[in-house]
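Numbering (the numbering used here), first residue to last: 219 to 400.
All residues carry an ideal CB built from backbone N, CA and C; glycine is no exception.
Please read all numbers here as calculations on a predicted model, not as lab measurements.
Working notes, structure below.
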Amino acid sequence: MAVIINSQTKLTYEDYELLPDDGKIHEIIDGEHYMSPAPGTYHQTISRRIQFQLYEQIEKKNLGQVFNAPTDNQLSEIDIVQPDILVIHEDRKSIISPSRVIGPPDLVVEILSEFTKEKDQKLKLDLYQKVGVPEYWLVDPQSHSVRKYILKENRYIIAGDFTDEINYDGIEGVKVNIREVW
């Protein structure tokens, strides 16, 4: 589980910039500091394989940009996260700054681990819903499946659990072959 570093006041992006560059994952959610160890090799292999498939279909065709952790994503003054993968459509590239992405991505992909599972399934799910991320994928390396959430009327609905192939609703024709990820 991620470690929560308690503070008397809500932390901001300014505080976030002062956190150590120590190889750990530091995030601020609703002003609270969460720290997790760096991802393991299997996690990174899965991330790279998903990112590559998205890159080939999105970035190489100039439809948007695909980023991987540790890209900072500032969703508000008190919400700064580092999603495993995030996609920004070409028509929204103005939210990409030299140091971070400022605003909700079009797609967020989080890969579950023993250290981040609770945070990804609850805190980040609620956060991404609140800020309006249209599509959220939770990748489960143990079950070899991906749960897809779609934002409908400001609430996430589960669009399904996929073990074969998953379509990205944000750009027609974009899909990830899940069998090639494991």
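- prompt: Using DSSP with H/G/I as helix, E/B as strand and the rest coil, what is L304?
  reply: Here residue 304 corresponds to residue number 86 of the sequence shown, with the count starting at 1. Reduced to three states, the DSSP call for L304 is strand.
query: Where does W355 land, buried or exposed, given buried means 16+ other C-beta within 10 angstroms?
result: In the sequence shown, the residue the question calls residue 355 occupies position 137. Buried: at least 16 other Cβ atoms inside 10 Å.
Cβ neighbour criterion (16 or more within 10 Å) applied to L381: The residue labelled residue 381 in the question sits at position 163 within the sequence shown. The question names Leu, but residue 381 in the sequence shown is Thr. Around the Cβ of T381, a 10 Å sphere holds fewer than 16 other Cβ atoms; the residue is exposed.
field: Bridge partner(s) assigned by DSSP for W400
entry: Within the sequence shown, the letter at position 182 stands for residue 400. When DSSP reads this structure, W400 sits in no beta bridge, so it has no partner.
query: Nearest-angstrom Cα distance between M219 and E250?
result: Your numbering for residue 219 matches position 1 in the sequence shown. Your numbering for residue 250 matches position 32 in the sequence shown. Residue confidence for M219 is low, a pLDDT of 47 falling below 50, so the modelled location carries little weight and cannot support an answer.
- prompt: Going by the CB atoms, is the gap between E353 and I368 shorter than 8 Å?
  reply: For the purposes of this step, residue 368 is identified with residue 150 of the sequence shown, where counting begins at 1. For the purposes of this step, residue 353 is identified with residue 135 of the sequence shown, where counting begins at 1. Against a cut-off of 8 Å, the Cβ pair of E353 and I368 comes out as a contact.
message: Between the alpha carbons of S254 and K340, how many angstroms are there, rounded?
response: Counting from 1 along the sequence shown, the entry for residue 254 is found at position 36. Counting from 1 along the sequence shown, the entry for residue 340 is found at position 122. Distance between the alpha carbons of S254 and K340 is about 16 Å.
message: Using C-beta distances below 7 Å, list every residue in its chain close to I277, excluding the 5 sequence neighbours before and after it, in chain order.
response: Indexing the sequence shown from 1 puts residue 277 at position 59. First, the amino acid is wrong: residue 277 is Glu here, not Ile. Taking C-beta separations shorter than 7 Å and ignoring five residues to either side along the sequence, the partners of E277 in its chain run Q283, V284, following chain order.
- request: Assign Y234 to one of two classes, buried (16 or more other C-beta atoms within 10 Å of its C-beta) or exposed (fewer than that).
  value: If you number the sequence shown from 1, residue 234 lands on position 16. Buried, by the Cβ-count rule.
- request: Let me know the beta strand (DSSP E) ranges lying completely inside the stretch 341 to 375, each 3 residues or longer, listed in chain order.
  value: Correct list: 353 to 358, 363 to 370.
- prompt: Among the residues of its own chain, which have a CB less than 6 Å from the CB of R318, if the five just before and after it don't count?
  reply: Here the question's residue 318 lines up with position 100 in the sequence shown. Same-chain partners within the cutoff: D290, Q292.
message: I need the boundaries of the alpha helix (DSSP H) containing F270, first residue and last residue.
response: As a first step, residue 270 is located in the sequence shown; it is residue number 52 there, counting from the start. Taken as a continuous stretch (DSSP letters only), the alpha helix (DSSP H) holding F270 covers 259 to 272.
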